[in-house]
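In this note's numbering, the protein residues as written are 44 to 461.
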C-alpha cells in the first residue's frame, strides 16, 4: 500500500518514518517537509519497512535542526547512519564550570578528549558544521556567550565588540553571572523554547520588582530575540496554505470535543496581554476567519483599569470586545493562559461561543464541559490543531507585546522630558 503524504505540509519541520511497531526508522528535517519526504520515497532504503510518516512543524529551519538532533539522540533510528555512525559528525559541547566554554567537537574526538565527562553537556549529532554554526549564531545573538571566557589576559573577544558577548572575556561579568547566560543557551540547545520564554518572563518581573531595570531590560531583549527567532515566517506560511488551513479548521471540533463547538468554527479569536510588573497593561485580539489570518480585524486594547493580574486584564478586554455589536461574534475564543484566566473570563462569555485557555508550560488546553467540570486536554506537540492554537497565541502575543513596548517608550520619553 502506498504511503499517505497528502497531509504533509510545505513547511519547515521534522519528519519521522515509522515501522509497523511505531518505531522510528529514520528522522530528518527540511524547510519543506512534503517535498523532502517525496524525495525519500523515490530511493530511501527504509521505505519498504515504513508504515506511517509523522511530522512536527517548526517556526523555521533553526528550530527544526535542534528538534531533529534531540529526536535522533532519544530514539537512535537505525537508518540515521550519517548522524549516528559517522565519527566525523559534529557535536556542540558545553564544558564544565566555572570557565564554561562552548565548543564544536567531532564525534571521534568526544572520547579521545574526555568530553564524555558526566558534567559536560553534549548536543548532537548534527549533519554538518554549517548546521552547528547556524545554531550557535542564533544562540549567541539571542543570549550572548563568550569565545574566551575568563582568559588570563582579560582581553575582549571578537563577539564582545559585536555586542554578542556579555563580557566574560574582559571582566564585565562574574563567573556566577556568566553561568546564567550558559544556562539559557543550554535550554535553547535542548529545544526547550516554551519553558525558556516562561523563565525569561519570570526573570524580567523579578528584576523589575527589585527595581533593577537595566537587568530587566537585558532579559527583555533576550526574550524579544527569542520571540523573533521562533516566530519567523509562521504567519506568512499560514497565509500560503488556504486549502490545508480549511481542512485543519474542520478537525478542531472533533479534536476538542467541546460542548459548544459541534461544527467547523468559521471565526476564531485569540486574546493575550502584556505588561511589566503590572504596569502598562495592553491586550490584543488576533483573528482567523474561514481558515485565514485576518490582520485587518486584529484589535489592540489599552487596559483602562488597574488589574491585579492577567485574568482581570483579559476580562476587561473581552468585556469591551463583546460590546462591539458591529464585530462578528466568534465561534471559538482562545485565551493565552491557564485555568486562572479561564475561570475569570468564562462567566462573561455568552452562549454559544466556545471558550478555551491554552497554558504555556505544558501546552494544555483547558475548558469546561456541559456539566461545568474542568477538562484538561493534553494534545501531542505534533498535533496540527495544537500547532494552529500555538500559532494564534504567538500572533496575539506579538501584537500585545508590540503595543506594550510602544507605551513604555512613550512613558520613558515623557519622563525624560520632565
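Just so you know, even glycine gets a beta-carbon here, dropped at the ideal spot from N, CA and C.
Query	Result
Taking the straight line between their C-alpha atoms, what separation do you get for residue 380 and residue 410?	12 Å
When we look at the beta-carbon of residue 334 and count the other beta-carbons within 10 Å, is it buried (16 or more) or exposed?	buried
What number of angstroms, rounded off, separates the C-alpha of residue 188 from the C-alpha of residue 364?	44 Å
Taking the DSSP output, what are the residues bridged to residue 73?	56
Can residue 76 and residue 110 be called in contact, C-beta distance under 7 Å?	no
Tell me which residue opens and which closes the beta strand (DSSP E) that residue 342 is part of.	342-345
Which first and last residues belong to the beta strand (DSSP E) in which residue 149 is found?	145-149
Considering only heavy atoms of the ligand GDP, does any lie closer than 6 Å to the CB of residue 163?	The model on display carries no ligand, and the ligand GDP is accordingly not part of it.
Go through its chain and collect everything with a Cβ distance to residue 442's Cβ below 7 Å, but skip five positions before and after it.	327, 329, 341 and 343
Suppose you measure from the CA of residue 143 to the CA of residue 347; what does that come to, to the nearest Å?	47 Å
Is the beta carbon of residue 417 less than 7 Å from the beta carbon of residue 408?	no
I need the boundaries of the alpha helix (DSSP H) containing residue 397, first residue and last residue.	Residue 397 -> not in any alpha helix (DSSP H); beta strand (DSSP E) instead, spanning 397-401.
Tell me which residues share the same chain as residue 302 and place their Cβ nearer than 7 Å to its Cβ, disregarding the 5 neighbours each side in the sequence.	412 and 413
Once you ignore the five residues that flank residue 53 on each side, which residues in its own chain have a CB closer than 6 Å to its CB?	75 and 77
Please name the residue in 357, 118, 255 and 268 whose C-alpha comes closest to that of residue 168.	118
Is the Cβ-Cβ distance between residue 194 and residue 212 less than 7 Å?	yes
Using the beta-carbon count (16 or more within 10 Å), is residue 151 buried or exposed?	exposed
Near residue 279, what residues of its chain come up, given a Cβ to Cβ distance below 6 Å and the 5 sequence neighbours on each side ignored?	Since pLDDT at residue 279 reaches only 43, below the 50 mark, its modelled position is unreliable, and the value read off the structure follows with that caveat. Once the five neighbours on either side are set aside, residue 279 has no close Cβ partner at all.
Could you check what DSSP says for residue 133 in three-state terms: helix, strand or coil?	strand
In the DSSP assignment, find the unbroken beta strand (DSSP E) run with residue 224 in it and report its ends.	Here residue 224 belongs to no beta strand (DSSP E); instead the alpha helix (DSSP H) covers 218-232.
May I ask you to report which of helix, strand or coil DSSP gives residue 42?	Absent from the model: residue 42. The displayed extent of the chain is 44 to 461, so no value can be given.
If we count the other Cβ atoms within 10 Å of its Cβ and call it buried at 16 or more, is residue 60 buried or exposed?	buried
Note down, in chain order, each residue of its chain lying with its Cβ closer than 8 Å to the Cβ of residue 389, except the 5 sequence neighbours on either side.	398 and 411
State the CB to CB distance for the pair residue 373 and residue 312, rounded to an integer number of angstroms; the pair is presumed to be in contact (CB under 8 Å).	4 Å
What's the gap between the Cα of residue 147 and the Cα of residue 174?	11 Å
Are there three or more Cβ pairs, one per stretch, closer than 8 Å when the region 99-116 is compared with the region 231-242?	yes
With distances taken Cα to Cα, identify the nearest neighbour of residue 221 among 249, 45, 69 and 191.	191
Residues in its own chain within less than 8 Å of residue 90 by CB, not counting five upstream and five downstream?	46, 60, 83 and 84
Starting from the C-beta of residue 324, find all residues in its chain whose C-beta is less than 7 Å away, skip the five residues before and the five after it, and write them out in chain order.	316, 318, 346, 350 and 356
What did DSSP end up calling residue 338 once you bin it into helix, strand or coil?	helix
To the nearest whole angstrom, what separates the beta carbons of residue 69 and residue 120, a pair I think is in contact under 8 Å?	5 Å
Name, in chain order, the residues that DSSP records as bridge partners for residue 311.	331 and 375
Can you tell me which residues form a DSSP beta bridge with residue 408?	401 and 420
DSSP on residue 427, reduced to helix/strand/coil?	helix
Which residues bound the beta strand (DSSP E) around residue 166?	164-166
Taking the alpha-carbon positions, what's the residue 299 to residue 332 distance?	19 Å
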